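Please read the structure below before turning to the comments.
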Amino acid sequence: MLDPVGILPVDKPGGITSHDVVARARRALGTRKIGHAGTLDPMATGLLILGVGAATRLLTFLVGLDKTYTATVRLGVATDSDDADGEVTGETDAAGVERARIEAAMTALTGRIAQVPSTVSAIKVGGRRAYDLARAGEEVELAAREVVVSRFALLDLRPVGRALDLDVVVDCSSGTYVRALARDLGAALGVGGHLTALRRTRIGDFDVADAAGLDALDPQRLLPPAEVAARVLGRLDVTAEEARDLRHGKRIGDAARLTGERAAAIDPDGVLVGIVERRGSELKSLMNMPEGASA
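The opening residue of the sequence shown carries number 1054 in the working numbering; numbering runs sequentially from there.
Now the structure itself:
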């Protein structure tokens, strides 16, 4: 029996890590070669994309895709992790904050912004994870990073005692911390804020509505590498001779066939050869799939 190969979108439940999902998939699919694109915190739910077998090579092209989240921000309570898993560091009466002020502050956090990631994050500082340093009681100073928040919209709001809960939707570039948006929104309004719920609903054009639950991690649900690569990068049909040359590390001619900088090279049998990119007037393989891998 051939080892399973493909991409598997999964709807991660709350309370488990992304690595836990990978471990479940390894047992269900009978293979250890599984990775994921874009970690979700244990508190978060929603879309997690797994690469299975040789299709793990495609994950690097999926990690950087734009994402959509729905979330709940609690104004009036700040935490040291910027989410509900952290310790409360301050409380302020936020029940009377007006919707117009909230939406104006959200608009100011939309577009190309410089964002300081949450202290409790997986970013490495001097070779150590920021969250390890923070939990050890060490001071952590993370540099601001440029991210793009193309939508930060208020869906609903409701008082919760002296706090105010906001249901929001966020469209953003890869690397954006929604926890940091909650923190910065609370800071801008002078009341503090943190994230109490987070759900990732989209990665690129992959939607959580099409994802498998943990009880449906079945090889039949695997998306073929050729389909996924063409969907993300565009398709370039190559001849059998060109496919052979690419697999042997040779360049093929006429980069004008490429509409973008990269594309999925697919042979006459519908099998993904690899990812090609422009090199002058020619095309060179950036990543090759092993021969015999599934289409």
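Yeah, the Cβ is synthetic: ideal placement off N, Cα and C, and Gly gets one too. The structure presented is a predicted model; accordingly, all values stated were derived computationally and were not measured.
Item, Value
"Span of the beta strand (DSSP E) holding His1089?", "1087-1090"
"Over what stretch of residues does the beta strand (DSSP E) that includes Val1105 continue unbroken?", "1098-1105"
"Looking at C-alpha atoms only, which residue of Arg1080, Asp1094, Ala1107, Val1063 is the closest neighbour of Asn1341?", "Ala1107"
"Which class does Leu1276 belong to by DSSP, given the choice of helix, strand or coil?", "strand"
"Which residue wins for smallest C-alpha separation from His1089, given the options Ala1097, Ala1153, Ala1076, Ala1081?", "Ala1076"
"Mind checking whether Ile1155 and Glu1199 have CB atoms under 9 Å apart?", "no"
"On the three-state DSSP scale, how would you describe His1072?", "helix"
"Whose C-beta lies closer than 7 Å to the C-beta of Phe1205 among residues of the same chain, with five residues either side of it excluded?", "Met1159, Leu1162, Thr1163, Val1221, Val1223, Leu1234"
"Would you verify that the beta carbon of Leu1207 is, or is not, closer than 9 Å to some beta carbon of chain C?", "In summary, chain C is missing from the structure at hand, where a single protein chain is found."
"If the criterion is Cβ atoms closer than 9 Å, does the pair Ala1216 and Leu1276 meet it?", "no"
"Quick check on Lys1303: buried or exposed, where buried means 16 or more other Cβ atoms within 10 Å of its Cβ?", "exposed"
"Go ahead and pull the three-state DSSP assignment for Asp1237.", "helix"
"Using alpha carbons as the reference points, say which of Arg1310, Ala1309, Gly1313, Ala1296 lies closest to Ser1338.", "Ala1296"
"Among residues of its own chain, excluding the 5 on either side of Ala1264, which ones have a beta-carbon nearer than 6 Å to its beta-carbon?", "Pro1062, Val1063, Asp1064, Leu1100"
"Is Ile1328 closer than 9 Å to Ala1316 when the C-beta atoms are compared?", "yes"
"I need the DSSP call for Ala1187, collapsed to helix, strand or coil.", "The pLDDT assigned to Ala1187 is 48, lower than 50, so where the model puts this residue is not dependable; a value taken from the coordinates is nonetheless given after this. In the structure shown, Ala1187 sits in a helix (DSSP, three-state: H, G or I)."
"Determine the burial state of Thr1292: buried for a count of at least 16 other Cβ atoms within 10 Å of its Cβ, exposed for fewer.", "exposed"
"Would you check whether the ligand NAP has a heavy atom nearer than 8 Å to the C-beta of Ala1153?", "Among the components modelled here there is no ligand, and therefore nothing to report on the ligand NAP."
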